[in-house]
Amino acid sequence: MKKLFLLIFILFSVVSFSQTKKIKILSTELSTADESKYPGATLLIGKVKMSHEGATLECKRALLYKDENLFKAIGEVIVEQGDSIIQYSDFATYNGNTKKAKSWGNVEINDKEMTLKTDTLHFDRINQVLYYTNGGTIRDTKNTLTSVKGTYHLEEKKFTAKSKVTVVNPDNHLESNHLDYYTNTNLAYLYGPSTITNLKDSTKVYSERGFYDTNTDISYFVKRAKLFLKERTVSADSLYYDKRNGFASATNNIKVVDTVQNMVTKGNYAELYEQKDSLFIIDKAVAISVLDKDSMYVAGDKILLTGKPEKRIARIFNNVKIFKSDLQGKCDSIHTSQETGLTRMFNKPILWSNNSQITGDSIQLLTNKENNKLDSLKVLQNAFMVQQDSINTENYNQIKGRNIYGKFENDDLRTMMVKGNAESLYYNNNEDTYKLETITKEIASDIDFILEEGEITQTTYFKKSEGKTYPPSKFPSDEKKFKGFLWRGNEQPKTVEDIFIKDTTAITTSKTKKQPKVVKEAKEKFIEETTKKKKAKPREFK
């Protein structure tokens with residue numbers, strides 16, 4: 043069996059060798075030999091022209107090694123392969139058996155799609171591949187590409203470039219360390235850290251995997267994608283960006299940083315419209331504002347930001363929750379104006395400041411635009427403030443009235459005034475024994491009080507009409523809670539993670555938004571190309 047295999051191998055080798063065609067000399071002015079200088083070679087001088095299996099080579103002088111089927115060309119070398127490519131260089135060697143050529147010295151190659159220039163170029167005619175390892179430049183009708191290493195696949199019109207790669211046109215500048223570029227479509231597929239910079243407005247896109255259409259300025263990235271705009275930075279797991287139409291779509295682990303307003307917005311699906319200055323984000327959407335070393339988190343089913351930074355409007359819809367270390371809240375929707383610094387909470391709004399619960403028909407927060415700190419609070423219509431007794435949790439200190447107005451100091455709620463039809467109810471404990479001693483109920487037109495670390499330390503009554511202090515046993519049981527009392531402590535978000543927990547009673551109205559058709563098409567195009575690349579496993583040239 044082994045002998046049979048060896049015989050077949052020898053026969054195959056002999057047949058293959060016999061089928062190898064010899065290099066043909068078509069013309070020369072002088073043919074001679076110099077065995078002392080060029081052993082085994084025929085020296086050709088003047089207007090040399092040879093051919094081999096569909097390719098021709100012209101030069102000034104050459105050495106032909108007939109036994110090795112090898113050709114060395116010197117001076118004004120021109121190589122043509124049918125009507126597909128034409129190559130110029132100072133020197134070249136060609137092996138007729140392996141069909142491999144090497145050219146060096148001012149190398150230039152032209153085909154219908156591009157022009158390639160380098161110092162040294164290798165040509166594998168069997169695989170129809172050109173490659174260089176020490177720097178080269180390729181130009182087509184749209185772009186100029188440079189790289190340290192490059193491989194051009196003639197049949198696919200695909201150029202694989204590695205190490206210090208740039209693709210430049212009048213509008214954009216692309217830098218990468220590994221990409222595939224198609225000269226017939228002007229598409230670039232990126233496989234390493236890459237940055238695209240718009241030369242007109244300095245917009246940048248960074249990614250480590252994706253594709254870029256240099257014709258339409260459309261890009262799609264799937265690894266560590268970042269978009270750098272004038273006033274925002276967008277990062278996500280995947281990012282679609284249409285520069286000309288100013289549209290971006292991001293998916294999963296999205297982070298949008300507003301560099302002007304010091305705000306961060308997060309979520310898992312977002313759409314950004316540059317010309318309208320708008321951002322739409324859903325799926326665990328949260329807006330984060332940095333307030334003097336502390337941050338305020340506002341989460342909801344969807345977030346919409348519109349307008350220029352100085353006049354930006356933030357709208358957060360459905361199941362809204364707020365978390366700050368000393369202030370939490372909840373409502374159905376929020377409207378914030380960067381121009382006025384005013385935040386309005388709608389539909390059963392509630393705030394928790396330390397151990398105080400504050401409710402009303404409408405709640406407003408005002409931020410000082412100069413120092414970006416909370417300035418004041420308004421609770422309008424049916425204002426109600428409740429504090430649970432820390433000793434006897436069945437007792438609640440209560441203050442209610444028409445409206446409540448509060449002031450913040452260093453982001454802490456320090457003073458509050460109940461304006462109109464004010465009532466208060468306090469459970470007074472002994473400071474030493476912590477036992478309940480008295481219960482005080484007061485009615486006044488207005489009540490002013492001061493807080494320290496969330497506790498009421500001083501109370502002032504205006505136009506007090508009546509008030510009474512009771513021993514606990516004498517206090518009417520039906521007056522322990524004011525009309526409209528509702529303790530909602532179980533709804534309070536205690537951590538940042540709590541703002542993403544949906545209430546069992548909440549009705550979620552938002553649905554996951556479908557990706558635009560153009561985004562799906564870009565994704566499919568990228569997947570198709572990268573799948574082909576994996577199957578092909580192209581040869582690496584070193």
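The opening residue of the sequence shown carries number 43 in the working numbering; numbering runs sequentially from there.
Virtual Cβ for every residue (Gly too), placed ideally from N, Cα, C.
All figures in this text were calculated on a predicted structure; none of them were measured in a lab.
Check: Skipping 5 residues on each side, what residues in its chain have a beta carbon closer than 7 Å to that of A548?
Finding: In this prediction, A548 has a pLDDT of 49, which is less than 50 and means its spatial position is unreliable; nothing more can be read from the coordinates.
Checklist line | D453, buried or exposed, once every other Cβ within 10 Å from all chains shown has been counted against 16 | finding: buried
Item checked: Per-residue burial, K553 [other beta carbons within 10 Å of its own, 16 or more giving buried] -> Residue confidence is low: K553 scores 49 on pLDDT, short of 50, so the model does not pin down where it sits. No coordinate-derived value is stated.
Margin query: So, does the stretch 484–498 touch the stretch 517–535, judging by three or more C-beta pairs under 8 Å?
Written below: no
Note to self: Bridge partners for H181 per DSSP, in chain order?
What the structure shows: As written in the sequence, residue 181 is Arg, which differs from the His given in the question. Answer is T157 and T186, bridged to R181.
Next item on the list: Would you kindly report the start and end of the unbroken beta strand (DSSP E) that includes N310?
Entry: M305 to Y315
Notebook entry, point to check: Do the stretch 535–546 and the stretch 359–378 touch if we need at least three Cβ pairs shorter than 8 Å?
Noted result: yes
Item checked: Any non-hydrogen atom of the ligand GDP within 8 Å of N532 CB -> Only the bare structure without any ligand can be found here, which leaves the ligand GDP out of the picture.
Check: How long is the line joining the alpha carbons of T551 and Y311, rounded to whole angstroms?
Finding: Unreliable placement is indicated for T551, whose pLDDT of 45 sits below 50; the coordinate value is still reported in the next sentence. Going from the Cα of T551 to the Cα of Y311 covers about 16 Å.
Item checked: Helix, strand or coil at D255 [DSSP, three-state] -> strand
Notebook entry, point to check: In this structure, does DSSP put F517 in helix, strand or coil?
Noted result: coil
Next item on the list: Compare the C-alpha of Y503 against each of P514, I481, I441 and E495 and name the closest.
Entry: I441
Note to self: Let's see if you can read the secondary structure: which residues bound the beta strand (DSSP E) around K475?
What the structure shows: According to the sequence displayed, residue 475 carries Thr and not Lys. Counting along the chain, T475 falls outside any beta strand (DSSP E), and DSSP gives it neither H nor E.
Notebook entry, point to check: Looking at the unbroken beta strand (DSSP E) that takes in A134, where does it start and where does it end?
Noted result: I127 to N137
Next item on the list: Return the residue from the list G531, P391, V421 and T385 that minimises the CA-CA distance to N414.
Entry: T385
Note to self: At the level of alpha carbons, what is the spacing between F133 and L229?
What the structure shows: 33 Å
Checklist line | Collapsed DSSP secondary structure at D431 in the structure displayed | finding: coil
Next item on the list: Would you kindly work out how many angstroms separate the C-alpha atoms of I168 and T275, rounded to a whole number?
Entry: 48 Å
Note to self: Output needed for S398: all residues of its chain with C-beta closer than 8 Å, excluding positions within five of it in sequence on either side, in chain order.
What the structure shows: M427, V428, Q429, L455, L493 and G496
Notebook entry, point to check: With 16 other CB atoms within 10 Å as the buried threshold, where does G448 fall?
Noted result: buried
Next item on the list: Measure the C-alpha to C-alpha separation of T179 and G147 and round it to an integer number of angstroms.
Entry: 14 Å
Notebook entry, point to check: Can we say the stretch 101–108 touches the stretch 148–157, given the rule of at least three CB pairs closer than 8 Å?
Noted result: no
Notebook entry, point to check: Counting along the chain, where does the beta strand (DSSP E) carrying K390 start and finish?
Noted result: Neither: K390 is in no beta strand (DSSP E) and is coded neither H nor E.
Check: Going by the beta-carbon positions, is the gap between Y136 and H94 smaller than 9 Å?
Finding: yes
Check: Under a CB-based cut-off of 9 Å, is R251 close to chain C?
Finding: Among the chains in the structure shown there is no chain C, since it carries only a single protein chain.
Next item on the list: Would you identify the three-state DSSP class for N463, choosing helix, strand or coil?
Entry: strand
Checklist line | Residue environment, I541, which counts as buried when at least 16 other CB atoms sit within 10 Å | finding: buried
Item checked: Spatial neighbours of N185 in its chain, beta-carbon cut-off 7 Å, leaving aside the 5 residues before and after -> V209, V210, N211, N228 and T256
Item checked: CB-CB length for T245 against K191, believed under 8 Å -> The Cβ separation is near 29 Å, so there is no contact.
Notebook entry, point to check: Relative to the C-alpha of E316, which residue among F263, T74, D336 and N287 is closest?
Noted result: N287
Check: Are the beta-carbon atoms of K204 and N219 separated by less than 9 Å?
Finding: yes
Check: Nearest CA to the CA of T157: which residue from L172, T84 and Y283?
Finding: L172
Checklist line | Inter-residue spacing [alpha-carbon to alpha-carbon] between P351 and V302 | finding: 7 Å
Note to self: What does the alpha-carbon distance come out to for the pair T258 and S379?
What the structure shows: 36 Å
Next item on the list: Tell me whether the beta-carbon of M458 lies closer than 9 Å to the beta-carbon of L416.
Entry: no
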